[in-house]
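Chemist: To start, I am sharing the structure in question, which I have written as structure tokens.
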Amino acid sequence: MCGGHGTTAGTTANSPLSSAGLCNPIIPAPNEVVVAENIHTGYWLQAIYFHKDDRYPDLVGFGLGTEDRPATVTLYVNPKNSRVPGQTKWEAVLIHTTLFPVATTFVDLTGDGYRDIVICDHYGPSIGGLWDAKEKDGGRVQWLRNPGNRFAKEEWTAHRIGNSTGMHRLEAGHFTTTSHFQILALPVAAHAGDLTSPAPVIIYTPEYGPDPSTGPKSWKTEVPFPDKFRLIHEVKVIPASAGEGEFDTALVAGREGIVYLHYDKKASTWRHTVLGKGLPPTETYPFWGSGSVDVGAVHDDPIGYIGTCEAFHGNTVSVYIKQEGAPKGAAALLDAKYWKRVQVDDFGTLSPQNAGTVHYLRMGDFDRVGVDAFTIACRGEPIGVRKLSSHRYCLLTMSIAENEGVYVYRPTDLSKAEFRKSKVSNRSASVVVAAPFTTNALDIASISYYVPGSLTGPDCPSIRINPNAFFTAA
Numbered sequence: 001m002c003g004g005h006g007t008t009a010g011t012t013a014n015s016p017l018s019s020a021g022l023c024n025p026i027i028p029a030p031n032e033v034v035v036a037e038n039i040h041t042g043y044w045l046q047a048i049y050f051h052k053d054d055r056y057p058d059l060v061g062f063g064l065g066t067e068d069r070p071a072t073v074t075l076y077v078n079p080k081n082s083r084v085p086g087q088t089k090w091e092a093v094l095i096h097t098t099l100f101p102v103a104t105t106f107v108d109l110t111g112d113g114y115r116d117i118v119i120c121d122h123y124g125p126s127i128g129g130l131w132d133a134k135e136k137d138g139g140r141v142q143w144l145r146n147p148g149n150r151f152a153k154e155e156w157t158a159h160r161i162g163n164s165t166g167m168h169r170l171e172a173g174h175f176t177t178t179s180h181f182q183i184l185a186l187p188v189a190a191h192a193g194d195l196t197s198p199a200p201v202i203i204y205t206p207e208y209g210p211d212p213s214t215g216p217k218s219w220k221t222e223v224p225f226p227d228k229f230r231l232i233h234e235v236k237v238i239p240a241s242a243g244e245g246e247f248d249t250a251l252v253a254g255r256e257g258i259v260y261l262h263y264d265k266k267a268s269t270w271r272h273t274v275l276g277k278g279l280p281p282t283e284t285y286p287f288w289g290s291g292s293v294d295v296g297a298v299h300d301d302p303i304g305y306i307g308t309c310e311a312f313h314g315n316t317v318s319v320y321i322k323q324e325g326a327p328k329g330a331a332a333l334l335d336a337k338y339w340k341r342v343q344v345d346d347f348g349t350l351s352p353q354n355a356g357t358v359h360y361l362r363m364g365d366f367d368r369v370g371v372d373a374f375t376i377a378c379r380g381e382p383i384g385v386r387k388l389s390s391h392r393y394c395l396l397t398m399s400i401a402e403n404e405g406v407y408v409y410r411p412t413d414l415s416k417a418e419f420r421k422s423k424v425s426n427r428s429a430s431v432v433v434a435a436p437f438t439t440n441a442l443d444i445a446s447i448s449y450y451v452p453g454s455l456t457g458p459d460c461p462s463i464r465i466n467p468n469a470f471f472t473a474a
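Residue numbers (our numbering): 1 to 474.
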């Protein structure tokens, strides 16, 4: 961020990849830790506690890759988990090579205390080029067995779970049973280029043999919602502890808005509640609804408010605040009357292809005050003319764009949906991760959005951590 690259309009969606040497190598800023730089492509990042007893998480990150150069799913080992005393660098360990991976979730499927990885791949190069489930094994879901050694030299063993065209997000939880962890699987679209037809919501339940330590022998597939929802782009699991039921539930963000999905055990059926329709449809914009979602805790209320970015790859940031008389916890998610949508930010003009910048949102109590703030990832779309600006942590000037980077929104008066906005990073971000990587406080990790055919910015893709000390509220 310090030591800018000058004023540039950036590269186009068809620009050569970072490996061709035509993107700008990054210069680390004083307020960031560079985990990886000059990676081939960038998209997904998630914190993983490799073992259930770990104090500090590692990272799993990757891009989609390309058809002629597969993606490398990589474990980035936190220096605090290093086998080398005094290590300061994050060590990259290859754990899986595949085509077009999109997302992961982590769960111990063998009972040994080590978290396995559930991953969806074979997505295809873009939503317009989705690989069909029947013709190309598109939307594949697999689990990768954790070898019990961070530094294992062989790739993790892959086991098939299922597939569905357009598979885009995964989460683990106890959704209809407490006997085993299940996988909630969410395709973004049912067919290549089809943004209007519903896509199924799927539950995969593991079936074990006599020795559970060997992992699931097969998976049962259920489709609780075959044709209700479109363009689900993000999901947030609500733990059972946030309510009075025994099962985990979920919020999803898609064309229908913010929707609460939950299993009614008494009626033996799934139910859904549309809490808000998100960004309204207009004649000139083909997308509406919501694109990402998370819940913020407010003191003793684990569901104090909801944060969302709108719509699908849009430019709007909104919150849902509770109305007077709303119950605490997950009970408030059962009825839309408890919620009011308020728009808190707009990043302005979309690209000619109707694409915006806000891609991902996550909550966290960054200031340790008992009230969650939220952070967003901005891809940098559309790529426009940048301006030179001095960075607060150095004397050099740099080239920045307001619609690119990582922001934090801190609530100052939730009853009025008032927030204070601050910028944490100027680098393109696809995903943000809030986790205690360096201390007990929440840091923010992010990965560049660098997807050939969709969006590639002027900087080479990278993974960074902005330590909490550099953005804690004064």
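Every residue gets a Cβ at the ideal spot worked out from N, C-alpha and C, and that includes glycine.
Name the one or two DSSP bridge partners that T269 has.
Modeler: D264
Chemist: Please state the DSSP three-state secondary structure of F419.
Modeler: strand
Chemist: Once you ignore the five residues that flank P187 on each side, which residues in its own chain have a CB closer than 7 angstroms to its CB?
Modeler: G139, S164, T165, G166, M167, H168, A199, P200
Chemist: If you run the structure through DSSP and keep just helix, strand and coil, what is Y338?
Modeler: Correct three-state label for Y338: helix.
Chemist: Over what stretch of residues does the alpha helix (DSSP H) that includes K134 continue unbroken?
Modeler: 133–136
Chemist: Put I127 into one of helix, strand or coil per three-state DSSP.
Modeler: helix
Chemist: So Q353 and Y338 are supposed to be a Cβ contact under 8 angstroms. How far apart are they, rounded?
Modeler: Q353 to Y338, Cβ: 37 angstroms. No contact.
Chemist: Indicate whether the contact test is met: 3 or more Cβ pairs, each with one atom in the stretch 178–187 and one in the stretch 228–237, closer than 8 angstroms.
Modeler: yes
Chemist: Suppose the cutoff is 7 angstroms on Cβ atoms and the five residues either side in sequence are ignored; what does the same chain contact list for P28 look like?
Modeler: Excluding its 5 nearest sequence neighbours in each direction, P28 has C-beta neighbours in its own chain below 7 angstroms: V34, listed in chain order.
Chemist: Distance, Cα to Cα, P467 vs Y114?
Modeler: 26 angstroms
Chemist: Please name the residue or residues paired with V73 in a DSSP beta bridge.
Modeler: When beta bridges are read from the DSSP output, V73 appears opposite H96.
Chemist: Would you kindly work out how many angstroms separate the C-alpha atoms of Y263 and I303, rounded to a whole number?
Modeler: 19 angstroms
Chemist: Inspect the CB distances between the stretch 125–136 and the stretch 101–115 and report whether three or more fall short of 8 angstroms.
Modeler: no
Chemist: Can you tell me whether DSSP reads C394 as helix, strand or coil?
Modeler: Interpretation of C394 is limited by its pLDDT of 39, a score under 50 that renders its predicted location unreliable; the figure taken from the coordinates is listed afterwards. Coil.
Chemist: Evaluate the contact criterion for the stretch 405–414 versus the stretch 427–438: three or more CB pairs, one atom per stretch, below 8 angstroms.
Modeler: yes
Chemist: Helix, strand or coil, according to DSSP, for F437 in the structure here?
Modeler: coil
Chemist: Determine the DSSP secondary structure at S454, reduced to helix, strand or coil.
Modeler: coil
Chemist: Give the single residue among L94, Y208, T205, R160 whose Cα lies nearest to the Cα of K153.
Modeler: L94
Chemist: Taking 6 angstroms as the limit between beta carbons, can you name the residues of its chain near W131, skipping five residues before and five after?
Modeler: Excluding positions up to five away in sequence, the list reads H122, G124, G138.
Chemist: Start and end of the beta strand (DSSP E) containing H359?
Modeler: 358–364
Chemist: Should V84 go down as buried or exposed, given a rule of 16 or more other Cβ atoms within 10 Å for buried?
Modeler: exposed
Chemist: Beta-carbon within less than 7 angstroms of P216's beta-carbon, same chain only, minus the 5 sequence neighbours each way: which residues are those?
Modeler: Within the same chain, P216 has close Cβ partners L109, P206, E207, Y208.
Chemist: Pull up the distance between the alpha-carbon of A336 and that of F366, whole angstroms please.
Modeler: 28 angstroms
Chemist: What separation, rounded to the nearest whole angstrom, lies between the Cα atoms of T308 and G348?
Modeler: Going by the C-alpha atoms only, they are around 17 angstroms apart.
Chemist: Rounded to a whole number of angstroms, what is the C-alpha to C-alpha distance between L388 and P452?
Modeler: The predicted model places L388 with a pLDDT of 44, which falls under 50 and marks its position as unreliable, so this point remains unresolved.
Chemist: Fully enclosed by the stretch 166–244, which beta strand (DSSP E) runs are 3 residues long or longer?
Modeler: As far as the stretch 166–244 is concerned, its whole beta strand (DSSP E) runs of at least 3 residues are 167–173, 182–187, 199–207, 218–229, 234–238.
Chemist: Pick from L75, R379, G291: whose alpha carbon is nearest that of W156?
Modeler: L75
Chemist: How close, in whole Å, do the beta carbons of A445 and L59 come, if the pair is a contact with beta carbons under 8 angstroms?
Modeler: So it is a contact: roughly 6 angstroms between Cβ atoms.
Chemist: Indicate whether S462 and I39 have their beta-carbon atoms separated by less than 9 angstroms.
Modeler: yes
Chemist: From the DSSP output, read off the bridge partner residues of V295.
Modeler: Its beta-bridge partners are I306.
Chemist: From what residue to what residue does the beta strand (DSSP E) around I119 run?
Modeler: 116–121
Chemist: Tell me, which residues are paired with L144 by DSSP?
Modeler: L144 pairs with I117, A158.
Chemist: Is V298 near V344, with beta carbons less than 9 angstroms apart?
Modeler: no
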